[in-house]
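The structure appears below as structure tokens.
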Amino acid sequence: IHDRFSIDCTLGAGRILYKEKAKQASVGVGHFEPLRHYAEVQLLIEPQPKGTGLIFEAALPENALDINWQRLILTHLYEKDHRGTLIGAMLTDTKITLIAGKAHQKHTEGGDFREATLRAVRHGLMRAKSVLLEPWYNYEITVPCENIGRVMSDIQSMCGTLGVPDSDGVESTLCGTAPVSKMMSY
Numbered sequence: 096i097h098d099r100f101s102i103d104c105t106l107g108a109g110r111i112l113y114k115e116k117a118k119q120a121s122v123g124v125g126h127f128e129p130l131r132h133y134a135e136v137q138l139l140i141e142p143q144p145k146g147t148g149l150i151f152e153a154a155l156p157e158n159a160l161d162i163n164w165q166r167l168i169l170t171h172l173y174e175k176d177h178r179g180t181l182i183g184a185m186l187t188d189t190k191i192t193l194i195a196g197k198a199h200q201k202h203t204e205g206g207d208f209r210e211a212t213l214r215a216v217r218h219g220l221m222r223a224k225s226v227l228l229e230p231w232y233n234y235e236i237t238v239p240c241e242n243i244g245r246v247m248s249d250i251q252s253m254c255g256t257l258g259v260p261d262s263d264g265v266e267s268t269l270c271g272t273a274p275v276s277k278m279m280s281y
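Our numbering numbers the first residue of the sequence shown as 96 and each following residue consecutively.
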């Protein structure tokens, strides 16, 4: 059986995973109104601290938009991988808050809010101006003591940060951070 199938197990160079986040707060408006359909959504998009991820919430009284529609809008926010507007990288460290919405008593269906929600996210991200986040390594390098100067020079040329080398007389250990794009093949 194994003779008939060959599996290529070689790995190529890895790819760098960039992410984007909102640069400033903005309001995005999404409107969907083809014949016999109607939905409108307004979302507040705000940048968040590093490591927060995506946060979705509603800050809308129940009498402004029925709670079922609010839950549906939040569901549509959760079900999609949102991408930034710079290079289309995954969105992170951003809070998206439902602040307004409208529905028609007779002409609104669930899919209408999906379209309006996604349009509001896109509009808000375009107005918020995305920031590209570059990944950095936390590194720890152990080398013979006679090579630590060369390693420190290499790390500085990569725009990395250097800690104080720790030496036991035979080997030196250096810790710090450096951009993945520069240090990936080091």
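We treat Cβ as the ideally placed atom computed from N, Cα and C, and that holds for glycine.
Can you say whether residue i is buried or exposed, counting buried as having 16 or more other CB atoms within 10 angstroms of its CB?
i	result
THR256	exposed
GLY206	exposed
ALA154	exposed
LYS116	buried
GLY244	exposed
ARG209	buried
GLN165	buried
GLY125	buried
ALA38	No statement about residue 38 is possible, as the shown extent of the chain runs from 96 to 281 and does not include it.
THR212	buried
SER280	exposed
ILE273	Looking at the sequence shown, residue 273 is not Ile but Ala. So ALA273 counts as buried.
Per DSSP, which one or two residues make a beta bridge with residue i?
i	result
ALA184	According to DSSP, which records beta bridges pairwise, ALA184 is partnered with nothing at all.
GLY123	LEU138
GLU115	LEU186 and LEU227
TYR232	ALA273
THR237	THR268
Can you round the beta-carbon distance between residue i and residue j to whole angstroms, since I take them to be within the 8 Å contact cut?
i	j	result
ILE140	GLY219	4 Å
GLY62	ALA215	As displayed, the chain neither begins before 96 nor continues past 281, which places residue 62 out of reach and without an answer.
Between the segment 127-145 and the segment 183-202, do at least 3 Cβ pairs fall closer than 8 Å? Yes, they touch.
Counting only runs that start and end within the segment 160-223, where is the alpha helix (DSSP H) found for 4 or more residues in a row? Complete alpha helix (DSSP H) runs here, min 4: 162-174 and 205-223.
Do the segment 187-194 and the segment 149-166 touch if we need at least three Cβ pairs shorter than 8 Å? Counting Cβ pairs under 8 Å, three or more are found: they touch.
Please give the ranges of any beta strand (DSSP E) in the segment 255-279, keeping only runs that are unbroken, at least 3 residues long and fully inside the region. Counting only runs of 3 or more, we get 266-274.
State whether the segment 169-185 contacts the segment 248-262, with contact taken as three or more CB pairs (one from each stretch) at a distance under 8 Å. They do not touch, by the three-pair rule.
Quick test of the definition: if touching needs 3 or more C-beta pairs under 8 Å, does the segment 258-270 touch the segment 222-229? The segment 222-229 and the segment 258-270 do not touch, with fewer than three beta-carbon pairs separated by less than 8 Å.
Any chance the segment 174-184 sits against the segment 112-126, with 3 or more Cβ pairs inside 8 Å? By the criterion of at least three beta-carbon pairs nearer than 8 Å, the segment 174-184 is in contact with the segment 112-126.
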